[in-house]
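This report concerns only the one structure given below.
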Amino acid sequence: TRRSGGRLLDLANGLAEPLRAMHEGVEALRPAPGAERDGAVRCALLPTHAEEIEWLADSIAHLVRTGKEPGEIAVLCRTAGDFPEIQGALVARDIPVEVVGLSGLLHLPEVADLVAMCEVLQDPGANASLVRLLTGPRWRIGPRDLALLGRRARLLVHRGGAEDGEDDLDARLAAAVEGTDPAEVISLADALDTFLEPAGAPADGLPFSAAARVRFARLAAELRELRRSLADPLMDVLHRVLATTGLEVELSASPRALAARRRETLSNFLDIAASFAALDGEAGLLAFLAFLRTAAQYEKGLDNALPGGENTVKVLTAHKSKGLEWDVVAVPGLVTGQFPNGRAREAWTSQPKVLPHALRGDAPTLPDVPSWDAKGLKSFKDAMKTHQHTEELRLGYVTFTRPRSLLLGSGHWWGPTQKRPRGPSDFLHALYDHCAAGYGEIEAWADEPEETDENPSLRAETTPHAWPLPLDPESMARRQEAAETVRRYLAEFQQAEFQQEDSDATPPADPALDDLFDPAGMVEPDDPFAPDDFFVPSDPEPAGPGP
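Residue numbering for the sequence shown follows my numbering, starting at 1097 and increasing by one per position.
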């Protein structure tokens, strides 16, 4: 091969030796003439997951500062779970970065907010998505008002028990099946609707704050208006949601969002949506959301997006890297149980949703059930584990042959939430041995924790913070200045219109603009303001922060 240097191929060929033994006639890869000594490996085992991400980002930042083009660097992960942390760490170091693929995009906040809004529009029972919106920097609903909203939602579906101590069979049966009827499912969206008509709201006496009542009503009106167009083509619906929420404008105007390339991220997501819509001109939002859920669950199958041509560090899953190459490849997460993944595939013998092997196109490569007794099923289960191990070896071989000159591999002992240490996987041990033999550099290798040690991430002292988070006064000043400019322009425009002879034909001012720039809703300059890369509420104070 002319891709990887000889020393990198020595590492990969060592990993792939069991695979070659399974296929007669398959030989180890050989480097191009003159490249036998090319290629280097750097590995590290850090105490914690957070320190590993910092090491990875520092290593890439050093390469960029010393002349390596960002577009010649890639980060390959076993799964997309670490994408937000990796992207954030690189952005903090002013490294341009691009997350590749739908499964990775869904983890990023700008895409997650758009998807959450779409889920609430399509399904009034999407409570988790609605909570994301309510507690976000646009609406800033505090925990007290959020809890009260949940209480009102429960009251709306509560049917009540038997009266006056009555305990008959019908009442007990009704209580036993309560909540199974879809009409009885608790819906926060239904509770929001009660704020559209305060006169008709339930007389529950719940002490919502005044700010929360206003925001609940505004969001409910926004959702009601957007739901009227759900039957429109998919792209029309998505662009209408972006225009209504202001997300696209915010990403285009915020310096912090521009630095993080959030607008480009959103554009990549919209490109995927457009490709989906092109498959079937009648595909709507419901079908697209189902597609997103399936893609997130089976991230190897539906997502065929390729890295763009921009000069950015590419972050993608190892599955998507086949056939691609970069000068430098970083592979984080080389820890026990993660890469290689020790979990066997779901077996069709115990999971009805899994297609039997005999019906699959790759049936010859899959284990079969030798006999339908306990011994045969156990043998099949063991064969599935062996098959998964082989698949992970193949994936590791593909991953470690992507770099041309430098491979960075890392792992950690303590995960972000794990109570037990993870430690280096077989892959990271192989990188360690390769470096120890003189073909690379071991930059860090943390000692194994003692049996009595605890995860420092779990025992770290917690610091109380106000929620919703405080707002940024510097950004607030800039936005106030922009708002004042718009109000001044609107006033001048309306004055010029009134001076025209045909002023009677002049259309009335847009009430939405009047509401948006109502001086009564403005924030005093000394008030805090929201994070720079999100929305600006007309009232910056959190609604119902709680006692």
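Think of the CB as a built atom: it goes at the ideal place given N, C-alpha and C, for glycine as much as any other residue.
Inter-residue spacing [alpha-carbon to alpha-carbon] between residue 1178 and residue 1526: 23 angstroms
Per-residue burial, residue 1241 [other beta carbons within 10 Å of its own, 16 or more giving buried]: buried
Chain-order list of residues whose beta-carbon lies under 7 angstroms from that of residue 1109 (same chain, five-residue window excluded): 1124 and 1125
Reduced DSSP category for residue 1513 - H, G, I as helix; E, B as strand; rest coil: coil
Residue 1407 burial status per 10 Å Cβ neighbour count (16 or more: buried): exposed
Pick from 1199, 1168, 1161 and 1461 that is closest to residue 1392, judged by C-alpha positions: 1199
Which listed residue (1365, 1317, 1442 and 1360) has its alpha carbon closest to that of residue 1481: 1442
Proximity below 8 angstroms, CB of residue 1206 to CB of residue 1439: no
Assumed close pair residue 1137, residue 1507 - CB separation to whole angstroms, cut-off 8 angstroms: Actually they do not touch by this definition, with Cβ atoms about 14 angstroms apart.
Residue 1503 - DSSP class collapsed to helix/strand/coil: strand
Cβ pair count under 8 angstroms reaching 3, the stretch 1515–1534 against the stretch 1442–1462: no
Cross-strand partners of residue 1144 (DSSP beta bridge): 1510
Chain C within 8 angstroms of residue 1413, Cβ atoms only: Going by chain labels, chain C is absent from the structure shown, which holds only one protein chain.
Own chain, CB closer than 6 angstroms to residue 1153, minus 5 neighbours either side, in chain order: 1185, 1186 and 1189
Sequence-distant residues of the same chain with beta carbon closer than 7 angstroms to residue 1530, five excluded per side: 1107, 1137 and 1536
Bounding residues of the beta strand (DSSP E) (the contiguous stretch that carries residue 1423): 1422–1427
Residue 1194: first and last residue of the uninterrupted alpha helix (DSSP H) it sits in: Per DSSP, residue 1194 belongs to no alpha helix (DSSP H); it is in the beta strand (DSSP E), 1193–1195.
Local conformation of residue 1451 per DSSP, three classes: coil
Cross-strand partners of residue 1410 (DSSP beta bridge): 1170 and 1194
CA nearest to the CA of residue 1221, picked from 1288, 1208, 1196 and 1113: 1288
Rounded C-alpha distance that separates residue 1214 from residue 1381: 8 angstroms
Residue 1416 burial status per 10 Å Cβ neighbour count (16 or more: buried): buried
Residue 1540 in three-state terms, based on DSSP: strand
Close beta carbons around residue 1225, own chain, < 6 angstroms, minus the five adjacent residues each side: 1212, 1215 and 1216
Span separating the alpha-carbon of residue 1324 from that of residue 1246: 25 angstroms
Reference residue 1413; option with closest CA among 1171, 1203 and 1299: 1171
8 angstroms contact criterion, which residue 1320 and residue 1282 should meet: CB distance rounded: In fact, because the Cβ distance is near 19 angstroms, the residues do not count as touching under 8 angstroms.
Per-residue DSSP class, three states only, for residue 1466: coil
Short Cβ contact (8 angstroms threshold) for residue 1409 with residue 1149: no
The stretch 1494–1502 in contact with the stretch 1423–1432 per 3-pair CB rule at 8 angstroms: yes
Straight-line Cα distance separating residue 1329 from residue 1305: 38 angstroms
Beta bridge counterpart(s) of residue 1138 as assigned by DSSP: 1504 and 1537
Bridge partners - residue 1431, DSSP secondary structure assignment: 1520
Residue 1315 versus residue 1344: straight-line alpha-carbon distance, rounded: 18 angstroms
Cβ neighbours of residue 1366 in the same chain (closer than 7 angstroms, five flanking residues each side left out): 1334
Coarse secondary structure for residue 1125, derived from DSSP in three states: coil
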